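Asker: Got a structure for you, written out below as structure tokens; questions coming shortly.
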Amino acid sequence: MHWKTENTLDADLDSLMRAALDADTLTEVPAYMPLVASARRVERTELADGRLRVVDRYEPAFDPPPFARGLTRDMLGWDLCLTWDLPARAADFVIEPHVRPEWRRYADVHGVYRFESRPDGRRARVIEGVLDIRVAIIGSVAERFAVRELRAQFDGEARLLAARARRQAAG
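If you count the sequence shown from 1, you need to add 700 to reach the numbering used here.
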């Protein structure tokens, strides 16, 4: 399933990028993303040609549903792996769930995350992704549910980035 979410942000692009790349921003994630108990940076690697790889680990604030036999709360966590093209203010992303390695073949979440200037002078954070849950019968239902939750969480993240950017710009 292809999906897209877009948020208009009231901060300048440089401040938004600094907020997105600042590991300290992650300490505020639970206040803006209700499904997250904690988030922290686990990797930051400078790559060639103005690229940067960051991996942020998210731990859930919810338990698995009763019907999800074999799942534990730890397995509901995920790593958000971003490879930033800093000059373009864009990143390719992959969400890696904390499930058993043999279960990872049943889900794929990836896409592009970018900050844009608009002709009217506003700025936006745009995420375009693909979510593929390969489980017979319930896969498409699970995809629709997951995309709805992803959008809600990313909306919270957009509010956090705008708030952090405004605070950083203010000094």
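Cβ atoms here follow ideal geometry from the backbone N, Cα and C, with glycine treated the same way.
Source: prediction; values computed, not measured.
Since Val759 and Leu860 are thought to touch, with beta carbons under 8 Å apart, how far apart are those beta carbons, to the nearest angstrom?
Answerer: What sits at residue 759 in the sequence shown is Glu, not Val. With 8 Å as the limit, Glu759 and Leu860 do not qualify as a contact, their Cβ atoms being about 17 Å apart.
Asker: Would the beta-carbon of Leu721 fall within 8 Å of that of Arg823?
Answerer: No, these two residues do not count as a Cβ contact at 8 Å.
Asker: Which of the three DSSP states, helix, strand or coil, is assigned to Asp820?
Answerer: DSSP places Asp820 in coil when its eight states are reduced to three.
Asker: For Arg834, which three-state DSSP category applies?
Answerer: Coil, per DSSP.
Asker: Which one of Leu776, Pro801 and Ala731 has the shortest CA to CA distance from Ala863?
Answerer: Answer by Cα proximity: Ala731.
Asker: Should Asp756 be labelled buried (16 or more other beta-carbon atoms within 10 Å of its own) or exposed?
Answerer: With 16 or more Cβ atoms within 10 Å of its Cβ, Asp756 is classed as buried.
Asker: Going by beta carbon distance, what residues of the same chain come within less than 7 Å of Ala723, once the five residues before and after it are set aside?
Answerer: So the list reads Arg741, once near-sequence residues are dropped.
Asker: Quick one, are the C-beta atoms of Asp779 and Glu802 less than 8 Å apart?
Answerer: Not in contact: Asp779 and Glu802 (Cβ atoms no closer than 8 Å).
Asker: Counting C-beta neighbours from all protein chains within 10 Å, is the total for Gly829 16 or more, i.e. buried, or is it exposed?
Answerer: Buried: at least 16 other Cβ atoms inside 10 Å.
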